[in-house]
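A short worksheet on the structure shown next.
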Ligand code: ADP
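In this note's numbering, the protein residues as written are 92 to 803.
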């Protein structure tokens with residue numbers, strides 16, 4: 092912003108004098124005859140080639156008293172055309188004298204240039220200076236005037252007015268510039284001050300964070316010397332900042348700081364570590380750390396930032412968790428194995444009880460003995476069911492359950508299960524029915540035994556927990572997907588019902604809703620837990636809708652593969668072109684005395700000749716001595732077991748020819764047993780306890796097989 096424009100020359104002159112003659116003189120001197128002068132000058136220029144000097148045209152205003160002069164000055168200021176010079180007379184009676192007039196003029200216009208016109212007899216110079224002060228704006232002109240002097244003064248002073256105006260304007264401009272610059276500098280200063288403060292604060296904040304960080308932080312310069320480390324780093328490596336800063340890893344290595352050494356090794360291995368694990372020792376013990384390194388530019392030079400996170404606690408926790416998990420898994424497995432073994436051990440004598448009770452019941456007994464023995468048989472069957480539940484459950488828990496996949500008829504399976512439950516329903520006089528919706532396919536591939544087990548459980552519960560009314564079962568296909576179908580079973584009863592808040596519990600193992608019920612209804616509380624797990628294994632699910640006192644509906648779904656054709660009925664399979672089994676020569680290998688005796692009795696009763704063996708070695712010895720039509724081989728025997736003995740027999744047969752059918756007797760019925768038996772060269776598979784019917788069927792199958800091989 093500039094205040095100076097170009098200033099116009101100001102030739103306005105105020106003459107203040109009480110004497111009219113002075114005014115006239117002044118006009119004559121300063122104005123003269125402008126026209127004549129101009130004409131003379133142009134002639135001169137023409138004749139002598141002298142350049143014409145422009146004639147100054149002064150404007151003269153007259154005042155006769157000091158007061159009048161002041162008024163004129165004020166007027167000129169108000170019109171913004173001030174006078175450049177005032178000529179003031181010293182004596183102007185009756186008004187102000189010259190000095191007083193000047194004092195007043197300067198009061199309103201301090202920069203006015205004044206020429207004081209005085210005769211020698213007026214004030215002395217000292218007087219004037221004393222009254223007006225020393226000023227470069229005041230000149231003294233002695234009367235009588237010298238014309239040239241007046242003209243020179245007028246010229247000089249009007250010119251000086253212009254110059255001083257310009258100077259003043261320039262000064263104002265300079266002032267303005269200075270003010271602006273000063274303001275700018277002040278702002279800049281304030282900004283820098285603020286920035287410095289912020290930076291100091293940021294630095295302080297950084298320092299606090301740096302120190303408070305639980306991650307160890309170290310900064311190394313490009314020569315690999317430590318520049319800075321934080322508290323966590325000092326603590327991790329048990330050195331203080333002063334010991335580390337300025338040193339290089341090799342210098343620090345000498346201090347046998349094991350921790351730091353392994354850090355340096357890690358840094359050497361990977362220039363940019365991304366959470367590399369290092370192990371180090373401190374006085375407290377072994378540590379595990381994760382190391383990150385980065386190249387960073389600080390103050391225009393490359394540095395290396397190193398971050399170390401101590402994860403010792405986390406590692407220990409992980410390790411503890413891992414150990415705990417392994418221990419838990421091991422104990423679960425041990426528990427399941429224990430249960431499986433226990434139930435096997437219990438089943439073996441139970442097998443004896445049931446077998447011999449059955450045999451005895453077939454002999455002549457008096458009614459009381461028969462009733463007693465039938466009670467023994469019933470109790471033994473109940474016990475076997477409980478043991479079977481526990482065995483099933485522990486096998487599933489230990490992931491040792493073997494699921495079959497074979498063609499079967501859905502309707503037959505349902506009828507079979509319903510037939511078993513029906514007896515109980517009849518006893519309680521309950522309505523009992525089952526339907527399969529027409530669109531449901533009948534020929535399926537899956538584990539029929541397990542489906543029957545599930546149905547028996549759920550339908551059995553429905554009958555068990557219903558005192559009056561009915562139990563109905565509906566089966567329908569809910570979706571088809573290529574070669575598979577998902578079936579839904581709904582088992583509805585009008586029994587005691589289950590309150591909603593307890594419904595989730597009943598699917599957990601060993602949960603029965605009320606203790607007294609257990610006494611009233613019996614059961615182990617394992618049924619639904621087994622069902623739930625079986626369904627999980629095959630990709631099905633189970634849920635219940637029920638209200639207390641208003642009956643329950645148990646739903647379950649499970650997928651099956653679709654089978655191509657009808658499944659030959661079991662009876663057909665077993666009785667088709669089946670002559671009665673002729674007496675056979677059978678070798679029974681079984682190391683348990685009771686089980687062996689039972690097998691021998693059952694077989695002898697059917698008219699077979701039985702040879703006994705207690706170990707694999709005895710089997711092989713007997714095999715060498717005589718020809719057998721069939722071998723029943725317990726897989727678990729002392730010394731050479733059933734698998735080994737079978738393998739050996741098959742080996743010998745490969746040289747001598749022939750093939751004796753071997754049926755495995757297994758106790759566990761665990762996952763893989765079946766495959767192992769077949770792999771070992773066995774022809775069939777029978778799980779203990781031996782049921783007379785199953786034994787007969789297995790022999791029939793093996794005998795048919797033998798007939799086939801004989802024909803071939
Ligand atoms: P269990 O029948 O051997 O006791 P489950 O696992 O089969 O064991 O059943 C668990 C519990 O669920 C039963 O004890 C009973 O309290 C409840 N429950 C199962 N089915 C029904 C039903 N249809 N009506 C009422 N309660 C039932």
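Note that CB positions come from ideal geometry on N, CA and C, so glycine has one too.
Predicted model only: the values in this text are computed from it and were never measured.
Between residue 194 and the set 220, 372, 240, 643, the nearest pair of CA atoms involves 220.
Here the alpha carbon of residue 478 sits roughly 36 Å from the alpha carbon of residue 570.
Here residue 146 is exposed: its Cβ has fewer than 16 other Cβ atoms, across all protein chains shown, within 10 Å.
If you keep only unbroken beta strand (DSSP E) runs of at least 3 residues inside the stretch 495 to 566, you get 497 to 500, 522 to 527, 534 to 537. Contact check for residue 313 and residue 390: beta-carbon distance about 11 Å, past the 8 Å limit, so the pair fails to qualify. Residue environment analysis places residue 603 among the buried positions, since at least 16 neighbouring C-beta atoms fall within 10 angstroms of its C-beta. Cβ atoms of residue 336 and residue 364 stay farther apart than 8 Å, at about 22 Å. Counting only residues of its own chain and dropping the five nearest sequence neighbours on each side, residue 342 has no CB closer than 6 Å to any other CB. Unbroken beta strand (DSSP E) runs of no fewer than 3 residues, entirely contained in the stretch 152 to 214, are found at 176 to 180, 204 to 209, following chain order.
In the three-state reduction of the DSSP assignment, residue 402 falls in the coil class, being assigned neither a helical nor a strand state.
DSSP, reduced to helix, strand and coil, places residue 480 within a helical segment of the structure shown.
Per DSSP, residue 322 has no beta bridge partner at all. Where residue 580 is concerned, the enclosing beta strand (DSSP E) starts and stops at 575 to 584. Not one heavy atom of ligand 1 falls within 8 Å of the beta-carbon of residue 511. Contact annotation: residue 114 and residue 167 have beta-carbon atoms that are not nearer than 9 Å. Relative to residue 446, the option among 685, 763, 747 whose CA is nearest is 685. Straight through space, the alpha carbons of residue 209 and residue 216 are spaced by roughly 10 Å. Counting only the Cα atoms, residue 297 lies some 20 Å from residue 284. In the displayed model, residue 624 falls within a helix according to three-state DSSP. Contact between the stretch 156 to 174 and the stretch 128 to 140 is absent: fewer than 3 CB-CB pairs across the two stretches fall below 8 Å. The beta carbon of residue 464 sits closer than 8 Å to those of 448, 451, 452, 456, all from its chain and outside the five residues before and after it, given in chain order. Following the DSSP letters along the chain, one finds residue 368 inside the beta strand (DSSP E) bounded by residues 365 to 372. Look at residue 523: its beta carbon is at least 8 Å from all of the heavy atoms in ligand 1. Within the DSSP bridge table, the entry for residue 396 names 310, 385 as partners.
The C-beta separation of residue 620 from residue 534 comes to about 31 Å, leaving the pair out of contact by the 8 Å criterion. Residue 416 and residue 407 have their C-alpha atoms spaced approximately 14 Å apart. Residue 423 sits in a helix when the DSSP states are folded into three classes.
Counting only residues of its own chain and dropping the five nearest sequence neighbours on each side, residue 517 has a CB closer than 8 Å to the CB of 523. Looking at the DSSP output, residue 572 sits in a beta bridge with 575.
In this structure, the CA atom of residue 308 is about 52 Å from the CA atom of residue 268. In terms of Cα proximity to residue 705, the closest of 429, 791, 725, 315 is 725. Here DSSP, grouped into helix, strand and coil, assigns residue 491 to coil.
In the DSSP annotation of this structure, the continuous segment of the alpha helix (DSSP H) that includes residue 733 starts and ends at 733 to 747. Straight-line measurement puts the Cα of residue 282 at about 45 Å from the Cα of residue 227.
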